Amino acid sequence: MPLSRAAWVGVLSVVFLPAIGAAQERPERFERREQATEIPVTVFHSTQAANLPTAETLAKGEVLFEISHRFLPAVSDGADALWGFDGPVYNRFGLAVAATDRVMFGLLRSNLDDNLELNAKVRLWDRRSGTTSFMVGAMGGVAWNTQTSVPADDNESQAYGQLMLNVAFGSNVAIGLVPTLLHNPVIDDATSESLLLIGGHGQIYLSQHTSLFAEWIKSARRADLEFDSGTFGIELETGGHFFKLLLTNQPRMNPTQFLGGTPFDFTPDEWRVGFNVTRVLAF
Numbered sequence: 615m616p617l618s619r620a621a622w623v624g625v626l627s628v629v630f631l632p633a634i635g636a637a638q639e640r641p642e643r644f645e646r647r648e649q650a651t652e653i654p655v656t657v658f659h660s661t662q663a664a665n666l667p668t669a670e671t672l673a674k675g676e677v678l679f680e681i682s683h684r685f686l687p688a689v690s691d692g693a694d695a696l697w698g699f700d701g702p703v704y705n706r707f708g709l710a711v712a713a714t715d716r717v718m719f720g721l722l723r724s725n726l727d728d729n730l731e732l733n734a735k736v737r738l739w740d741r742r743s744g745t746t747s748f749m750v751g752a753m754g755g756v757a758w759n760t761q762t763s764v765p766a767d768d769n770e771s772q773a774y775g776q777l778m779l780n781v782a783f784g785s786n787v788a789i790g791l792v793p794t795l796l797h798n799p800v801i802d803d804a805t806s807e808s809l810l811l812i813g814g815h816g817q818i819y820l821s822q823h824t825s826l827f828a829e830w831i832k833s834a835r836r837a838d839l840e841f842d843s844g845t846f847g848i849e850l851e852t853g854g855h856f857f858k859l860l861l862t863n864q865p866r867m868n869p870t871q872f873l874g875g876t877p878f879d880f881t882p883d884e885w886r887v888g889f890n891v892t893r894v895l896a897f
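Listed below in structure tokens is the structure:
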């Protein structure tokens, strides 16, 4: 008996509707799965404060180039020295490369005594807890004066080791403590000594590209380097560049030099102008 039109519609519905529904349902193997992206822990934006290191490291393969100056005339010298800008300078050139995301190797040279340094830095640990971020790192270096007024002997090298303890509160405030062991701070002395000292620094990020920073290094007093080092200034960050403009009582540049103290008191009459420029390069 021939089927009616209504019957044919019913039969076709039973046969084809499940197939149509299956076609509309995306097979499980083709479903797009969202990958969980872990945001890296960041405390400071840069690998160094004014002088002290942070626990931050570069990404693997990145290279950091640095040029820094400390002008020797004091700002208080006034117009005769262009408020600190007209006169001799101590400078430092630096180069660092990231072997991994957590390990860096660096080379520094200051024109003060032609001090040459080799160093290594490692980020040991980091963690985020709510809006607070923590980071711990270690750094060590060995330095030599390649220009010295005394004959070379067994006491011609310097060394230091540091532990960097960093914490950020939200995205705007970060602080760091840097306990340091410094060996042979006075390179021309006949006898070597080792000093335990501590430095601290902090940074307030006003925006994504602008911040204020301050730093203090508590060091052992001696006749020619009797004062602690203090530094403050502003940092501008743009396109892989970090530009720090600062005032300081510490003109000495390399770690084994500035960690030993400064001959100038931290008073406005003794403040010097300085700047650090670093550039991160990715190849």
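Just so we're aligned, residue 615 is where the sequence shown starts under the working numbering, counting upward by one.
Ideal Cβ positions, reconstructed from N, Cα and C, are used throughout, including at glycine.
Predicted model only: the values in this text are computed from it and were never measured.
If you check the CB distance, Q864 and G844 come in under 9 Å. In the structure shown, T876 falls within a strand segment according to DSSP collapsed to helix, strand and coil. Sequence-distant Cβ neighbours of W697 in its own chain, meaning closer than 7 Å and more than five residues away, are V689.
Counting C-beta atoms within 10 angstroms of its own C-beta, H815 has 16 or more neighbours from the protein chains shown and is therefore classed as buried.
In the three-state scheme derived from DSSP, where H, G and I count as helix and E and B as strand, G692 is classed as helix.
For A752, the enclosing beta strand (DSSP E) covers residues 746-759. When C-beta atoms of the region 871-889 are compared with those of the region 827-844, three or more pairs fall below 8 Å, so the two segments count as touching.
Per DSSP, M867 is not a residue of any beta strand (DSSP E), being assigned neither H nor E.
By DSSP's assignment, S833 forms no beta bridge with any residue. Between the C-alpha atoms of Q822 and L709 there is a straight-line separation of about 25 Å. In this structure the region 790-801 does not lie against the region 672-691, because fewer than three pairs of beta carbons, one per stretch, are closer than 8 Å. In the three-state DSSP reduction, D700 falls in the coil class, being neither helix nor strand. Distance check between E770 and each of A752, V787, D728, T671 places D728 closest, using alpha-carbon atoms only. Under the three-state reduction of DSSP output, E676 falls in the strand class. If you draw a 10 Å sphere on the C-beta of L859, you find fewer than 16 other C-beta atoms in it, and that means exposed.
For H797, the enclosing beta strand (DSSP E) stretches over residues 787-797. DSSP links N705 through a beta bridge to H683. Counting along the chain, no beta strand (DSSP E) covers N725, and no H or E run does either. Excluding its 5 nearest sequence neighbours in each direction, I812 has C-beta neighbours in its own chain below 6 Å: P793, K832, listed in chain order. According to the DSSP assignment, I848 belongs to the beta strand (DSSP E) that extends over 843-852. Here T852 has H823 as same chain residues with Cβ atoms under 7 Å from its own Cβ, once five neighbours each way along the sequence are excluded. Beyond the five residues adjoining it in sequence on each side, F857 comes within less than 6 Å, by CB distance, of L850, V891 in the same chain, given in chain order. Sequence-distant partners of A712 (beyond 5 residues in either direction) whose C-beta falls short of 7 Å from its own C-beta, in its chain, are T671, L672, A673, K674, G675, E676, M718. For G888, the uninterrupted beta strand (DSSP E) segment begins and ends at 886-896. Taking G888 as reference, the option from F846, H855, P882 with the minimal CA-CA separation is F846.
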